[in-house]
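Asker:
Numbering (the numbering used here), first residue to last: -2 to 173.
The following block contains the structure:
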């Protein structure tokens, strides 16, 4: 593969983006192996812009590794500072088959107004005398009235409001 060529402005912008990145690939004492090349290729496919750390103290060896990686993987050389270098390759487009499917509607958590309306509807259902909801297993966890933030109060199995562990043990008596 041939190296990716970028303009000066593009390299400067990518260098700024890479400033806050941590190295995602660390070369070992064996240097540049096939496993390292595969790992760098995988990280470029996932992230696009990566930092690589080389442990070698020999500058010529580090530059050679930098050049070889960019050449073999078709990546652009962005920056080489000390033992760190930055590579960039655009993230490949995913095929339609690889796209994530949306979550089933029964597993989507309701938030905001929808959740409040649902909570209100459940409370009204429990409080209504026509509904048989008072015998439902989840009916014991709800109590008439709401907390200041609009949340439904929870009650224990004996109908007492849940509070501190002292109330649950019956040490403190609750006023009803």
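Just so it is clear, CB atoms sit at the ideal spot from N, CA and C, and this is done for glycine as well.
Just so we're clear, the structure is a prediction, and the values are computed from it rather than from any experiment.
Just verifying my parser: in three-state terms, what is the DSSP assignment at residue 86?
Answerer: Here residue 86 refers to the residue found at position 89 when the chain shown is read from its first residue. Here residue 86 sits in coil by DSSP.
Asker: Between residue 58 and residue 91, what straight-line distance do the alpha-carbon atoms span, to the nearest angstrom?
Answerer: Walking along the chain shown from the start, residue 58 turns up at place 61. Walking along the chain shown from the start, residue 91 turns up at place 94. Taking the straight line joining both Cα atoms gives about 35 Å.
Asker: Specify, as a first and last residue, the run of the beta strand (DSSP E) that residue 187 falls within.
Answerer: Within the shown structure, residues of the chain are numbered from -2 to 173, placing residue 187 beyond reach of any answer.
Asker: Is residue 33 closer than 7 Å to residue 24 when the C-beta atoms are compared?
Answerer: Within the chain shown, numbered from 1, the residue matching residue 24 stands at position 27. Within the chain shown, numbered from 1, the residue matching residue 33 stands at position 36. Result yes, Cβ atoms of residue 24 and residue 33 sit closer than 7 Å.
Asker: To the nearest whole angstrom, what separates the beta carbons of residue 46 and residue 0, a pair I think is in contact under 8 Å?
Answerer: Position 49 of the chain shown holds residue 46. Position 3 of the chain shown holds residue 0. The pair is not a contact, with the Cβ atoms about 15 Å apart (cut-off 8 Å).
Asker: Kindly indicate which three-state DSSP category residue 49 falls into: helix, strand or coil?
Answerer: Sequence index remark: in the chain shown, residue 49 carries index 52 (1-based). DSSP places residue 49 in strand when its eight states are reduced to three.
Asker: Starting from residue 80, follow the beta strand (DSSP E) in both directions and report where the run begins and ends.
Answerer: By 1-based counting over the chain shown, the position of residue 80 is 83. Neither: residue 80 is in no beta strand (DSSP E) and is coded neither H nor E.
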